[in-house]
Every structure is written in structure tokens, then in C-alpha cells.
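Here is the structure we will look at, set down as C-alpha cells.
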Amino acid sequence: MVSSHLIDSAVRTVPRHVFVPTVPLRQAYADDVVHTKRDSAGVAISAASQPRIVAMMLEQLGVEPGQRVLEIGAGTGYNAALLAHLVGDHGQVTTIDVDDDIVTGARAALDTAGCANVRVVLGDGAFGGPDDAPYDRVIATVGAWDVPPAWLEQLAPNGRLVVPMRVRGSITRSITFERAGDCWRSRDSEMCGFMPLRGIAADPRRTIALTPDGEVTLEVHPEQTIDQDALAGVLDRPRDEQWTGVCLGPQESAEWVWLWLACTLPNTLSRMPLQPSAIDRGLVRSMFGWGTMATTDHGALAYLTLRDTNPDRDAGVGRVCEIGAIGQGPGGADLARRLVDEIRRWDREYRTRTPHFAIQPAGTGDPITGQFVFDLPLNRLAVDWVHGTNRR
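Per numbering that gives the first Met the number 0, the sequence shown starts with residue 0, numbered consecutively.
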């Protein structure tokens with residue numbers, strides 16, 4: 000889904016298969032991620048991102064011919080090649096990655112594709128690319144919990160940053176930031192998911208098993224307090240099922256209610272991935288086939304679910320689903336009720352508003368304020384559902 004003719008031209012011109020040479024052509028040009036490197040545990044740590052997400056972030060970045068662009072996360076080099084096409088012969092792209100083999104591969108692919116205006120650098124992306132600064136645009140193609148100072152300091156006046164920022168818990172949004180006095184405010188944001196930044200500003204996350212065989216797992220982030228031992232066997236406990244009366248229409252995303260819950264719940268939201276067998280045997284009543292979102296409180300677990308409001312509808316009639324919550328374990332019913340109350344509040348007061356974000360480097364200027372304020376290691380993050388900015 001490409002709206003800019005310049006980005007459409009770049010996508011049609013740059014040969015993606017050159018950057019993912021180990022997969023068949025059909026896979027190279029599918030709208031899907033191509034994983035290219037895994038760590039010793041088999042976890043993917045580098046990939047060619049989904050083309051739809053790539054195009055969306057390029058739209059956010061708003062690159063113009065002749066500009067200088069810094070990319071954090073070289074990966075296969077494909078995104079840098081698209082950027083090179085957009086900035087043209089008079090522009091320059093610097094792309095950085097932390098692994099020597101990734102840098103070598105990206106450089107070779109870019110050479111094959113004839114991208115002469117890209118410099119591939121081996122280094123920790125948190126430090127940016129000081130040798131080629133300042134930049135008109137900075138884009139991160141890795142997930143970041145916080146924004147390293149170098150990314151902001153190396154931007155030219157009127158520059159723009161696009162970063163997949165993990166706002167809280169498992170909720171990540173690709174946010175476009177521009178300077179506004181002594182802070183940086185968002186122009187827009189889009190839901191996304193990326194592999195985390197590695198290096199000095201790494202965003203460590205871990206996965207815990209909610210079943211002995213790992214059939215159901217829970218993603219855990221540094222700001223969360225989750226006791227794996229206290230949650231042992233929680234899915235075998237009696238369920239408390241509660242419904243909100245709040246519905247999602249056909250093709251309507253759950254992203255906005257997830258963001259609201261991530262901001263309002265004390266232990267925020269975690270992805271709860273599962274194997275299909277967990278749904279098939281009735282262990283979990285999930286929102287989606289991949290899993291759902293959940294929160295915890297000591298030994299209590301509450302997760303989101305959906306039910307069709309018209310299961311007997313005619314074929315072709317859009318599916319409307321009501322959001323519910325299922326609580327299990329000691330205090331699970333109360334935790335599910337907290338989810339239900341917050342979802343109803345979002346629906347009443349904030350559903351039609353657009354969230355706005357702001358970041359401010361720690362220790363600079365008068366501290367920014369907002370509806371929700373989170374102090375990160377390097378910045379203060381504010382999130383506001385602003386009056387008068389309706390989404391519909």
C-alpha cells in the first residue's frame with residue numbers, strides 16, 4: 000500500500016531479490032518478512048522487513064531529493080537502497096549495523112544493485128553516524144525503547160526522526176518526531192513490530208512459559224514486574240469471563256485500545272503468543288490465531304478475547320466482535336474487571352481521538368507534561384489523547 004509516487008517508483012526500481020538472494024523469487028517479492036540471521040538460540044535478529052511496513056515508514060520519513068539520511072540498522076541493505084533512490088545522485092545515505100557479517104552482506108548487495116550513494120558503517124547504532132552528520136532525516140529500522148541522544152543531536156534544523164518506539168510493554172509504534180522547542184513532538188504514528196536494537200542501548204526482553212511445554216508464552220520487558228513462578232499453572236485455574244459491550248467493526252484494528260491499556264495498566268500489556276493447539280483444545284480463548292495481549296498482577300493473569308456479535312451472519316457480511324477479558328489465578332477476576340473498566344473508559348472518552356507523543360531528553364528545559372508521562376533512561380515520554388484531533 001504505497002501512496003507516494005516517489006516511493007512507488009523506488010519500490011518498483013530497486014530489485015528486492017538482490018538483497019535476499021537465499022530465498023525464491025516468489026518469497027523475495029511477497030509482502031512478508033524475510034529472516035536473514037538468527038542467534039545461537041534460534042531467535043531472529045536480522046531481517047528484510049515486510050514491504051508494506053517499509054513503504055509506510057518511508058512515507059512517514061518524507062525523504063526529498065538531495066537530502067542526507069541516516070539509517071540505524073542496515074540489515075540486508077534493501078531499505079538503504081530505497082532511500083538512495085529517493086535522495087538521488089545529489090543525496091547521501093549512511094546506514095549502520097552492529098554485526099560485521101551483516102555490514103559485509105549489505106555492502107555487497109548495494110554494490111550489486113548499483114547504489115553508489117550509500118555508505119555502510121560497522122558500529123553501534125546508538126552512537127549514530129557522526130562522521131556524516133548532520134542529517135536531514137534519521138530512520139531506525141530496529142525497535143527502540145528509548146531514543147539515544149545521538150539520533151537527535153545529529154539531525155539538522157528542521158530534521159525529522161522516524162523510530163519504531165516501544166511505548167510500553169509490547170506496544171510499539173513507528174513515530175515521526177520533529178523538534179518543538181526543547182522537546183520533540185509526533186507528527187503521526189503507526190502500529191508496527193520490529194526486532195529490538197542491539198548494542199549499548201539494547202532493549203532487552205525475555206519470554207516466559209505459561210505452560211510446561213511452552214505452548215503458551217508471555218513477553219516480558221524491563222519496566223514490567225512479572226513473577227514466572229507465581230504464574231505457574233495459571234491457565235489451569237478457573238476462568239472468569241467478562242464482556243465490555245465495546246465492539247470492533249470489520250477491519251477495525253485493536254491497536255488503539257491496546258495503546259490505551261498499555262498506558263493505563265500498572266503492569267502494562269504483554270504479547271501472549273501461543274501454539275494453535277492451545278486454541279484447539281480450549282486452553283486459551285485468544286483474540287487472534289497468533290495469540291493475544293495480557294497483563295499480570297503477581298499470580299493473576301488477565302487476557303483479551305473476542306466474540307462474534309452475529310455468528311449466524313450471511314457470508315460477505317462484515318464481522319463485528321465484542322471485546323472481552325478472561326481472568327485466571329488469585330485476583331484474576333479483579334484484574335479482568337480492571338481491563339473491562341479501562342476498555343469502556345477508552346470507548347466513552349478517547350476512542351475517536353488521536354494519540355500524540357512527545358519526548359524530551361532528560362535534564363533539559365522544563366519537564367514536559369502529559370496525560371501519561373513515563374521517565375525512560377534517556378528521555379521523558381509523554382502520551383496525550385488530544386481534544387479536537389478525532390480519528391473519525
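All residues carry an ideal CB built from backbone N, CA and C; glycine is no exception. Just so it is clear, the structure is predicted and the values come from calculations on it, not from any experiment.
Reduced DSSP category for N309 - H, G, I as helix; E, B as strand; rest coil: coil
Exposure of T216, with buried meaning 16 or more beta-carbon neighbours within 10 Å: buried
Buried versus exposed, by CB contacts within 10 Å (16 or more), N378: buried
Close-in-space but distant-in-sequence residues of the same chain around W144 (CB under 6 angstroms, 5 per side omitted): R165 and D202
Secondary structure of E152, DSSP reduced to three states: helix
Outcome for T140 when other beta-carbon atoms lying within 10 angstroms are tallied against a minimum of 16: buried
Nonlocal neighbours in the same chain, by C-beta distance under 8 angstroms from P275, ignoring five residues either side: G288
Cα-Cα separation between R391 and W259, rounded to whole angstroms: Since pLDDT at R391 reaches only 41, below the 50 mark, its modelled position is unreliable, and the value read off the structure follows with that caveat. So the alpha carbons of these two residues sit roughly 17 angstroms apart.
Rounded straight-line distance, which links the Cα of T206 to that of P195: 14 angstroms
Minimum length 4: unbroken alpha helix (DSSP H) runs contained in the stretch 233 to 299: 254 to 263 and 275 to 279
Residue span of the beta strand (DSSP E) that contains M190, given as start and end: C182 to M190
For R172, the nearest candidate out of H16, D96 and C191 (CA to CA): C191
Through-space distance from Y28 to H16, alpha-carbon basis: 7 angstroms
Exposure of R306, with buried meaning 16 or more beta-carbon neighbours within 10 Å: exposed
E58: first and last residue of the uninterrupted alpha helix (DSSP H) it sits in: P50 to L60
Span of the beta strand (DSSP E), counted from its first residue to its last, around A393: Past the boundaries of the shown model lies residue 393; the chain is included only from 0 to 391, so the question cannot be answered.
Cβ shell of R186 (< 7 angstroms), same chain only, five flanking positions each side left out: T175 and E177
Per-residue DSSP class, three states only, for V32: coil
Enclosing beta strand (DSSP E) for D323 [first to last residue]: The sequence shown places Gly at residue 323, rather than the Asp named in the question. Looking at the DSSP string, the run of the beta strand (DSSP E) that includes G323 is C320 to Q327.
Start-to-end residues for the alpha helix (DSSP H) that takes in V339: G331 to R344
Alpha-carbon spacing of G298 relative to R337, whole angstroms: 15 angstroms
Beta-carbon proximity check, I322 vs L303, cutoff 8 angstroms: yes
8 angstroms Cβ cutoff met for V339 and G248: no
Candidates D100, V97, L57 and A73, of which the one nearest Q85 by Cα: The identity of residue 85 in the sequence shown is Leu, whereas the question assumes Gln. For L85, the nearest C-alpha among the options comes from L57.
F356, DSSP secondary structure in three states: strand
Terminal residues of the beta strand (DSSP E) in which S173 lies: I170 to A179
Pairwise C-alpha distance: A73 and G104: 10 angstroms
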